[in-house]
Each structure stands twice: as structure tokens, then as C-alpha cells.
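Asker: Heads up: the sequence shown at position 61 corresponds to 62 in our numbering, and the numbers run straight through without jumps.
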Amino acid sequence: MPDQLDVHRNAGRNKRNIPFVVVVQSNRFRSMSRRVVVPLILAAEFGRTDNDIQPHFVIAGAEVVLAPLLITNVPADVLGLAVASLVKEETRIVNAMDALLSRAWR
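Given below as C-alpha cells:
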């Protein structure tokens, strides 16, 4: 089963520009049939970024950008095998998600 911060190839129709997704859902919910994921968009396609909410990573030789504003969920069984893990980048990803959900701008 996919674990939190595992990176999977995007099997969807936008896989050309969004080659990967990263699971952000807590392993606490691993028994659920769906996974909350954030797209990893090719940096060349992304344009200007804010490094706090859109950190860059290199996955399988491709520079990608976390796109938390495009958060979604998918059936766990369509994710396939993980191609990478971003566990070592946990702080950057959690900070980006915190910025997305922050109440600081009320």
C-alpha cells in the first residue's frame, strides 16, 4: 500500500506535464481505499514559483515542483509501485501544506 511521502507515476491524462504525484495523507488512514496526493509538475511547465509553498525536487532525473493548490485524491490501487520517497524532504512538504492551510491571512 502507498505510504505517506511516496512518489508515484501519474497515470492520469495530464501525465506529460505532471509526471508524478506524492502521497501526503497520513499513514493513520492507510486502511482507506483512497489517497490524498499532491501533483509534482515539471518545473519547466510551472513558471514562477514560491519556494515556501512550491518546493522543487528531482525525481527520476526530472526537476519537479510540488503544487499543493492542486491537491486531490485517487484510488490507492491506481498508484502502482512507488518510484521514490520524499521522506527526507518531509519538513519542506509539511511546511508547504501548512502554508496552504494557514489561518494567518484571515
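No residue lacks a Cβ here, since even glycine has one placed at the ideal position from N, Cα and C. Quick caveat: nothing in here was measured; it's all calculated off a predicted structure.
Between the Cα of K89 and those of F58, L70, I72, V39, spot the shortest distance and give me the residue it belongs to.
Answerer: Here residue 89 corresponds to residue number 88 of the sequence shown, with the count starting at 1. Answer by Cα proximity: F58.
Asker: Can you tell me whether DSSP reads N96 as helix, strand or coil?
Answerer: Here residue 96 refers to the residue found at position 95 of the sequence shown. Of the three classes helix, strand and coil, the one that applies to N96 here is helix, per DSSP.
Asker: Quick one: what does DSSP say N18 is sitting in, helix, strand or coil?
Answerer: By one-based count along the sequence shown, residue 18 stands at place 17. In the structure shown, N18 sits in coil (DSSP, three-state: anything other than H, G, I, E or B).
Asker: From the DSSP secondary-structure annotation, give me the bridge partner or partners of S86.
Answerer: On the sequence shown, residue 86 is found 85 positions in, with the first residue counted as 1. For S86, which the question treats as bridged, DSSP gives the partners D7.
Asker: Which stretch, first to last residue, makes up the alpha helix (DSSP H) that contains F47?
Answerer: Within the sequence shown, the letter at position 46 stands for residue 47. That run of the alpha helix (DSSP H) goes 44-47.
Asker: Let's see if you can read the secondary structure: which residues bound the beta strand (DSSP E) around L67?
Answerer: Counted from its first residue, the sequence shown places residue 67 at position 66. From DSSP, the beta strand (DSSP E) with L67 extends over 63-67.
Asker: Find out if the Cβ-Cβ distance for the pair P40, L87 is shorter than 7 Å.
Answerer: Looking up residue 40 in the sequence shown gives position 39. Looking up residue 87 in the sequence shown gives position 86. No, Cβ-Cβ distance for P40 and L87 is not below 7 Å.
Asker: Where L102 and G62 are concerned, what is the direct C-alpha to C-alpha distance, given to the nearest angstrom?
Answerer: Here residue 102 corresponds to residue number 101 of the sequence shown, with the count starting at 1. Here residue 62 corresponds to residue number 61 of the sequence shown, with the count starting at 1. Using only the alpha carbons, I get a separation of about 30 Å.
Asker: Are M2 and R29 close, meaning C-beta to C-beta below 7 Å?
Answerer: Numbered from 1 along the sequence shown, position 1 holds the residue referred to as residue 2. Numbered from 1 along the sequence shown, position 28 holds the residue referred to as residue 29. Contact flag unset, no.
Asker: Who are the near neighbours of V132 in its chain, counting only those whose CB is closer than 6 Å to its CB and skipping five residues on each side?
Answerer: Nothing about residue 132 can be reported from this structure: the residues present for the chain run from 2 to 107 only.
Asker: Using a Cβ-Cβ cutoff of less than 8 Å, which residues in the same chain neighbour K16 once the five nearest sequence positions on both sides are dropped?
Answerer: By one-based count along the sequence shown, residue 16 stands at place 15. Excluding sequence neighbours, K16 sits near R10.
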